[in-house]
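Asks: Going down the list, the protein sequences come from chains G and V.
250 is the number that the numbering used here gives to position 250 of the first sequence; each next residue is one higher, with no gaps.
354 is the number that the numbering used here gives to position 100 of the second sequence; each next residue is one higher, with no gaps.
Every residue, glycine too, gets a C-beta built ideally from N, C-alpha and C.
Sharing a structure, written as structure tokens. Questions coming.
Number of protein chains: 2
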Amino acid sequence: MDFQDYVSVDCVIFGYDFERLKVLLLERVMLDQATHKVIFSDKILPGSHVLNNEPIEAAAKRVLVEFTGIEDIPLHQFKTFGDLDRLSRQERDILWLKNIHQDPSQRVLTVGFYSLVDANKYKLSVTKQQTHPEMFKRNPAWYDIETIPEEMAYDHKQILYEALSYLREGVKYNPLVFELLPEKFTLGLLQKIYETILNTTFDKRNFRRKLLKMPFIVPLEEKQQKVAHKPAQLYRFDWKLYQQVKRNNHDIML
Amino acid sequence: MDFQDYVSVDCVIFGYDFERLKVLLLERVMLDQATHKVIFSDKILPGSHVLNNEPIEAAAKRVLVEFTGIEDIPLHQFKTFGDLDRLSRQERDILWLKNIHQDPSQRVLTVGFYSLVDANKYKLSVTKQQTHPEMFKRNPAWYDIETIPEEMAYDHKQILYEALSYLREGVKYNPLVFELLPEKFTLGLLQKIYETILNTTFDKRNFRRKLLKMPFIVPLEEKQQKVAHKPAQLYRFDWKLYQQVKRNNHDIML
DNA sequence: GCAAAAGTGTTGCTATTACACCCATGC
DNA sequence: GCATGGGTGTAATAGCAACACTTTTGC
Numbered sequence: 001m002d003f004q005d006y007v008s009v010d011c012v013i014f015g016y017d018f019e020r021l022k023v024l025l026l027e028r029v030m031l032d033q034a035t036h037k038v039i040f041s042d043k044i045l046p047g048s049h050v051l052n053n054e055p056i057e058a059a060a061k062r063v064l065v066e067f068t069g070i071e072d073i074p075l076h077q078f079k080t081f082g083d084l085d086r087l088s089r090q091e092r093d094i095l096w097l098k099n100i101h102q103d104p105s106q107r108v109l110t111v112g113f114y115s116l117v118d119a120n121k122y123k124l125s126v127t128k129q130q131t132h133p134e135m136f137k138r139n140p141a142w143y144d145i146e147t148i149p150e151e152m153a154y155d156h157k158q159i160l161y162e163a164l165s166y167l168r169e170g171v172k173y174n175p176l177v178f179e180l181l182p183e184k185f186t187l188g189l190l191q192k193i194y195e196t197i198l199n200t201t202f203d204k205r206n207f208r209r210k211l212l213k214m215p216f217i218v219p220l221e222e223k224q225q226k227v228a229h230k231p232a233q234l235y236r237f238d239w240k241l242y243q244q245v246k247r248n249n250h251d252i253m254l
Numbered sequence: 255m256d257f258q259d260y261v262s263v264d265c266v267i268f269g270y271d272f273e274r275l276k277v278l279l280l281e282r283v284m285l286d287q288a289t290h291k292v293i294f295s296d297k298i299l300p301g302s303h304v305l306n307n308e309p310i311e312a313a314a315k316r317v318l319v320e321f322t323g324i325e326d327i328p329l330h331q332f333k334t335f336g337d338l339d340r341l342s343r344q345e346r347d348i349l350w351l352k353n354i355h356q357d358p359s360q361r362v363l364t365v366g367f368y369s370l371v372d373a374n375k376y377k378l379s380v381t382k383q384q385t386h387p388e389m390f391k392r393n394p395a396w397y398d399i400e401t402i403p404e405e406m407a408y409d410h411k412q413i414l415y416e417a418l419s420y421l422r423e424g425v426k427y428n429p430l431v432f433e434l435l436p437e438k439f440t441l442g443l444l445q446k447i448y449e450t451i452l453n454t455t456f457d458k459r460n461f462r463r464k465l466l467k468m469p470f471i472v473p474l475e476e477k478q479q480k481v482a483h484k485p486a487q488l489y490r491f492d493w494k495l496y497q498q499v500k501r502n503n504h505d506i507m508l
């Protein structure tokens, strides 16, 4: 037994599809070897063991590519989960682990990461070679945050909800939303994102006043085109300026 | 090799001695077996491997008792450190690990916890049986945060500084300071603590106004006694009320 | 009586809230 | 011409920052 048998990462990828807040989950399916009937199926976070010589964040990035096709996104470590029985609280988890020849009573610590991305930007796909023909993870898909599937692997529902509250806090003090926004964006879009994530609404005029006071949100000499309404001013987020401002004044953003 | 060989916890215990902010460190000493001369000595955070059947927070509490004598304090998980070479970047770390028959190139993930306590409340002492007679940890002691020792084990200096910034953020949004304060306290003391931790000063009148508006800081029918100045009103922190208020309104405290 | 910390109010400024209408565009 | 989201100002209120003197006690 080795380091990699005891440590894993799990990724909670939040996606905004310009309508709603979503989370990326895989389907975990176990088939009967003989009949090929489904024994069970539930949802699981993209995650995997950390290889012996792999930094933990690299492991998180690797599993994302392997199980979702998402590449090159910033990941935020939020919490480590180490309950003794976190892999063996549900019957189907035990069944699953036994079948991949892992002892369900063996302890695996998992480091949780979250991210916020544009849900429309990626074609989701599993590229990882699945080692057990009748047990596999498939169908990475976005699930609305308001209707999280009941049945999830291990302690993943707990991990998901904790990530959600880290996201909601994080978004208030860190420029997380600019990690998902296109280079050029309108204030209307920005407002919609904040409203969706925080599940609230803001007054348009007050919101704009507040954001326009931030020096790192800089107007471009460019407007929207071909929209069926008054074209909006485009802005960009200046990361360098943001870093400068942040050094002096810790609490910015909403 | 087992779970416990790959996962550890480290505790960054901040102490306030009613003057300055301190941090609790142990001395790590290695002696020459023959001459008993000191080969090296540096500082190390209280930490240890997590036992196979031990929850991670329990491990953190255990090592605190074993290496410092501090019992029953709230611990806050803040970050997990997993760099591949975090145990082998310094010559003396390699020497140390070889002598306790641990492979320096072996990877150990460590989960960091921090806490804030009254530095005067505890008699510090090491009770853990030290297994290698010429290599030991001793002398738990408070070190001023402004003069952190240069020489520290592994990546412990990094862990310490990251903990410090989590503390400084945490104290603004969570009632951490009330975990260290005596049951009955004065507003003057409260202000001094915030000023020390955040390394700033506040206007007395504005500070009091702000804190007295918080319903969970409740005045007692009692004043200081036998002080060589006007005796101050005593207050207590009502944790139940705090929980209630917090449910509605997420961002409180300073 | 003096040293030491407690306690207290006001003012100007800044930030926040609440609120309603016209504008430019594509179809 | 109508539907769509963009864009704008003001007034009332609440919160924040800056400021100095009196009080009570122990010694």
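Counting only Cβ pairs nearer than 7 Å, list the residues of chain V close to G:Leu-84.
Replies: Within the first sequence, residue 84 of chain G is the residue found at index 84, counting from 1. Correct list: Asn-307 and Pro-309.
Asks: I'd like the list of long-range same chain contacts for V:Asp-398, defined as Cβ closer than 7 Å, with 5 residues on each side in sequence excluded.
Replies: Indexing the second sequence from 1 puts residue 398 of chain V at position 144. Here the set comprises Arg-274 and Lys-276.
Asks: Within its chain, find whatever has a CB closer than 7 Å to the CB of G:Leu-255; leave out the 5 residues flanking it on each side and keep chain order.
Replies: With chain G running from 1 to 254 in the structure shown, residue 255 of chain G is simply not present.
Asks: What are the partner residues of V:Gln-331, as DSSP defines its beta bridges?
Replies: Counting from one through the second sequence, the residue named residue 331 of chain V turns up at place 77. Paired residues: V:Phe-367.
Asks: Does DSSP put G:Asn-139 in a helix, a strand or coil?
Replies: For the purposes of this step, residue 139 of chain G is identified with residue 139 of the first sequence, where counting begins at 1. Three-state result, G:Asn-139: strand.
Asks: Between the stretch 256 to 269 of chain V and chain G, which residues of the former have a C-beta closer than 7 Å to a C-beta of the latter?
Replies: From the stretch 256 to 269 of chain V, only Asp-256, Phe-257, Tyr-260 and Val-261 have a Cβ closer than 7 Å to chain G.
Asks: With 16 as the cutoff for other CB atoms within 10 Å, does V:Arg-463 come out buried or exposed?
Replies: Here residue 463 of chain V is taken as the residue at index 209 of the second sequence, counted from 1. Exposed, because fewer than 16 other Cβ atoms sit within 10 Å of the Cβ of V:Arg-463.
Asks: Assuming G:Pro-175 and G:Phe-237 form a contact by the criterion Cβ under 8 Å, report the distance between their Cβ atoms to the nearest whole angstrom.
Replies: Here residue 175 of chain G is taken as the residue at index 175 of the first sequence, counted from 1. Here residue 237 of chain G is taken as the residue at index 237 of the first sequence, counted from 1. Right, their Cβ atoms sit about 7 Å apart.
Asks: Would V:Leu-370 and V:Val-292 be called neighbours here (beta carbons separated by less than 8 Å)?
Replies: Here residue 370 of chain V is taken as the residue at index 116 of the second sequence, counted from 1. Here residue 292 of chain V is taken as the residue at index 38 of the second sequence, counted from 1. Result no, Cβ atoms of V:Leu-370 and V:Val-292 do not sit closer than 8 Å.
Asks: On the three-pair Cβ rule with 8 Å, is the stretch 452 to 470 of chain V touching the stretch 285 to 302 of chain V?
Replies: With a cut-off of 8 Å, the stretch 285 to 302 of chain V and the stretch 452 to 470 of chain V do not count as touching, because too few Cβ pairs lie within range.
Asks: Would G:Val-126 pass as a contact of G:Pro-104 if the rule is Cβ separation under 8 Å?
Replies: What you label residue 126 of chain G is simply residue 126 of the first sequence in a count that begins at 1. What you label residue 104 of chain G is simply residue 104 of the first sequence in a count that begins at 1. It is not a contact, given that the beta carbons lie outside the stated cut-off.
Asks: Would a check of beta-carbon distances place G:Leu-64 closer than 8 Å to chain V?
Replies: Looking up residue 64 of chain G in the first sequence gives position 64. By this cut-off, G:Leu-64 is not an interface position.
Asks: Could you check whether the stretch 383 to 392 of chain V touches the stretch 227 to 241 of chain G, counting it as contact only if at least three pairs of C-beta atoms, one from each stretch, sit closer than 8 Å?
Replies: Output reads no: the stretch 227 to 241 of chain G does not touch the stretch 383 to 392 of chain V.
Asks: Could you check which residue in G:Phe-3, G:Asp-5, G:Asp-72 and G:Arg-28 has the C-alpha nearest to that of G:His-156?
Replies: What you label residue 156 of chain G is simply residue 156 of the first sequence in a count that begins at 1. That would be G:Arg-28, whose Cα lies nearest to the Cα of G:His-156.
Asks: Straight-line CA distance for G:Thr-35 to G:Met-135?
Replies: If you number the first sequence from 1, residue 35 of chain G lands on position 35. If you number the first sequence from 1, residue 135 of chain G lands on position 135. Cα to Cα, the separation comes out at about 13 Å.
Asks: Look at the alpha carbon of V:Gln-360 and the alpha carbon of G:Ala-58, and state the distance between them as a whole number of angstroms.
Replies: What you label residue 360 of chain V is simply residue 106 of the second sequence in a count that begins at 1. What you label residue 58 of chain G is simply residue 58 of the first sequence in a count that begins at 1. Their Cα atoms are separated by approximately 18 Å.
Asks: Less than 8 Å between the C-beta atoms of G:Asn-52 and G:Gln-102, yes or no?
Replies: Here the question's residue 52 of chain G lines up with position 52 in the first sequence. Here the question's residue 102 of chain G lines up with position 102 in the first sequence. Cβ distance not < 8 Å, so G:Asn-52 and G:Gln-102 don't count as in contact.
Asks: Please list, in chain order, the chain V residues whose beta carbon lies closer than 9 Å to that of G:Arg-28.
Replies: Start at 1 with the first residue of the first sequence, and residue 28 of chain G comes out as number 28. Under the 9 Å cutoff, chain V gives no residues; its nearest Cβ is about 24 Å from G:Arg-28.
Asks: Return the first residue and the last residue of the beta strand (DSSP E) that G:Leu-220 is part of.
Replies: Here residue 220 of chain G corresponds to residue number 220 of the first sequence, with the count starting at 1. Unbroken beta strand (DSSP E) run through G:Leu-220: 217 to 223.
Asks: Would you say V:Ser-412 lies against chain G (beta-carbon separation less than 8 Å)?
Replies: Stepping through the second sequence from its first residue, residue 412 of chain V is reached at position 158. Residue identity check: residue 412 of chain V is Gln in the sequence provided, not Ser. No, no contact with chain G.
Asks: At which residues does the beta strand (DSSP E) containing V:Val-292 begin and terminate?
Replies: Here residue 292 of chain V refers to the residue found at position 38 of the second sequence. Where V:Val-292 is concerned, the enclosing beta strand (DSSP E) stretches over 292 to 298.
Asks: According to the neighbour-count rule (16 or more other Cβ atoms, all chains shown, within 10 Å of its Cβ), is G:Ala-119 buried or exposed?
Replies: As a first step, residue 119 of chain G is located in the first sequence; it is residue number 119 there, counting from the start. Buried, by the Cβ-count rule.
Asks: Which residues does DSSP list as the beta-bridge partners of V:Met-406?
Replies: Along the second sequence, one-based indexing puts residue 406 of chain V at 152. Paired residues: V:Lys-297.
Asks: Does the Cβ-Cβ distance between G:Ile-70 and G:Ile-13 come in under 8 Å?
Replies: The residue labelled residue 70 of chain G in the question sits at position 70 within the first sequence. The residue labelled residue 13 of chain G in the question sits at position 13 within the first sequence. Yes.
Asks: Assuming V:Asp-296 contacts V:Met-406 under a Cβ cut-off of 8 Å, what Cβ separation, rounded to an integer in Å, is found between them?
Replies: Taking the second sequence and counting its residues from 1, one reaches residue 296 of chain V at position 42. Taking the second sequence and counting its residues from 1, one reaches residue 406 of chain V at position 152. Sure, about 6 Å apart at Cβ, within 8 Å.
Asks: Which residue or residues does DSSP assign as beta-bridge partners of V:Met-284?
Replies: Here residue 284 of chain V corresponds to residue number 30 of the second sequence, with the count starting at 1. Looking at the DSSP assignment, V:Met-284 forms a beta bridge with V:Phe-294 and V:Met-389.
Asks: Tell me, please, whether the CB atom of G:Arg-107 is closer than 8 Å to any CB atom in chain V?
Replies: For the purposes of this step, residue 107 of chain G is identified with residue 107 of the first sequence, where counting begins at 1. With 8 Å as the cut-off, G:Arg-107 counts as an interface residue toward chain V.
Asks: V:Thr-401 versus chain G: which residues are under 7 Å apart at the beta carbon?
Replies: Translated into positions along the second sequence, residue 401 of chain V becomes position 147. Within 7 Å Cβ-Cβ: nothing; V:Thr-401 doesn't reach chain G, min ~24 Å.
Asks: Can you pull the chain V residues whose beta carbon is under 7 Å from the beta carbon of G:Lys-79, in chain order?
Replies: In the first sequence, residue 79 of chain G corresponds to position 79, counting from 1. Within 7 Å Cβ-Cβ: Gln-331.
Asks: So the alpha helix (DSSP H) V:Arg-490 belongs to, where does it begin and stop?
Replies: Position 236 of the second sequence, counted from the start, is the residue given in the question as residue 490 of chain V. First-last for V:Arg-490: 487 to 491, but that is the beta strand (DSSP E), not the alpha helix (DSSP H).
Asks: Measure how close the beta-carbons of V:Glu-416 and V:Lys-333 come, nearest whole angstrom, since I'm counting them as under 8 Å.
Replies: Within the second sequence, residue 416 of chain V is the residue found at index 162, counting from 1. Within the second sequence, residue 333 of chain V is the residue found at index 79, counting from 1. With 8 Å as the limit, V:Glu-416 and V:Lys-333 qualify as a contact, their Cβ atoms being about 6 Å apart.
Asks: What separation, rounded to the nearest whole angstrom, lies between the Cα atoms of G:Asp-72 and G:Gln-243?
Replies: Within the first sequence, numbered from 1, the residue matching residue 72 of chain G stands at position 72. Within the first sequence, numbered from 1, the residue matching residue 243 of chain G stands at position 243. If you take the alpha carbons of G:Asp-72 and G:Gln-243, they lie about 21 Å apart.
Asks: Find out if the Cβ-Cβ distance for the pair V:Val-365, V:Gln-331 is shorter than 8 Å.
Replies: For the purposes of this step, residue 365 of chain V is identified with residue 111 of the second sequence, where counting begins at 1. For the purposes of this step, residue 331 of chain V is identified with residue 77 of the second sequence, where counting begins at 1. Their beta carbons are under 8 Å apart, which means V:Val-365 touches V:Gln-331 by this criterion.
Asks: Can you tell me which of the three DSSP states V:Val-425 falls into?
Replies: Indexing the second sequence from 1 puts residue 425 of chain V at position 171. Looking at V:Val-425 - three-state DSSP - the assignment turns out to be helix.
Asks: Going by Cα to Cα distance, which pick from V:Glu-345, V:Gln-287, V:Leu-363 and V:Ser-262 is closest to G:Pro-55?
Replies: To locate residue 55 of chain G, count along the first sequence from 1; it is residue 55. For G:Pro-55, the nearest C-alpha among the options comes from V:Leu-363.
Asks: Where do the N-terminal and C-terminal ends of the beta strand (DSSP E) with V:Ile-354 fall, by residue?
Replies: Position 100 of the second sequence holds residue 354 of chain V. Unbroken run through V:Ile-354: none, as it is neither H nor E.
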